[in-house]
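Read the structure below first, then the notes.
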Amino acid sequence: MPFIWMPYVEEDIVALIPSWVIEQQQLFVSNVSLIHFYMVEWHNGGQVLRQFSCAQLIPSPPVDITEVHGMDKKGSGRDALNCAQKHEPYIFLWNDQHSRRPPLYVLEGGFSSMHKYAIWYMAYGKPFIFQCRYMLIQRDTQPKSSRWQQRNAQPRYN
């Protein structure tokens, strides 16, 4: 079965999604650090804008947090580790999450990509999905019956 992005506004999908997810969508699209004790993970919420029926923008470059991403409590000095002090910059980013949201441009008249994003995606993204049989197509070239077009190419096996 192919993977196709579906916005949360379709009636059959909205019925399955808890109402607080739609109401609190700002929480899911913020670009923030997620902190769990000594571990820090970067959440780039701008990558899920299409799920909320918003135009997908070209993503920001990834945030490098290797200094704290691979931290654990192993080794010498582990008991003296003060997570609040070590993660202070990331705690600040979390507390400032409301100003770290990408702009939400609602897509009207369909679920197609913005032209600039489509060009970026074809150059840097993964335009072929599900064993190279589906691909992203720009809005002006989409067939009227579907926003996705199946390719005839069969996957190659070595």
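With my numbering applied, the sequence shown covers 112 to 269. Every residue, glycine too, gets a C-beta built ideally from N, C-alpha and C. Keep in mind that this is a model prediction, so the values were computed, not measured.
Whose C-alpha, out of Lys197, Ser141 and His154, is nearest the C-alpha of Arg304?
Nothing can be reported for residue 304: it is not among the residues displayed for the chain, which extend from 112 to 269.
My assumption, with CB atoms under 8 angstroms, is that Ile146 sits in contact with Ile202. Please give the rounded CB distance.
That belief holds up - the Cβ atoms of Ile146 and Ile202 are roughly 7 angstroms apart, short of 8 angstroms.
So, is Phe148 buried or exposed, given that buried needs 16 or more other C-beta atoms within 10 angstroms?
Exposed, by the Cβ-count rule.
Under 8 angstroms, with one C-beta from each stretch per pair, do the segment 150 to 160 and the segment 226 to 234 reach the 3-pair mark?
The answer is no - the segment 226 to 234 does not touch the segment 150 to 160, with fewer than three Cβ pairs under 8 angstroms.
According to DSSP, is His226 helix, strand or coil?
It is helical.
Cutoff 8 angstroms; reference Leu204; Cβ partners in own chain excluding five residues on either side:
Scanning its chain for C-beta atoms nearer than 8 angstroms, with the 5 sequence neighbours on each side dropped, one finds around Leu204 the residues Val143, Ser144 and Arg211, in chain order.
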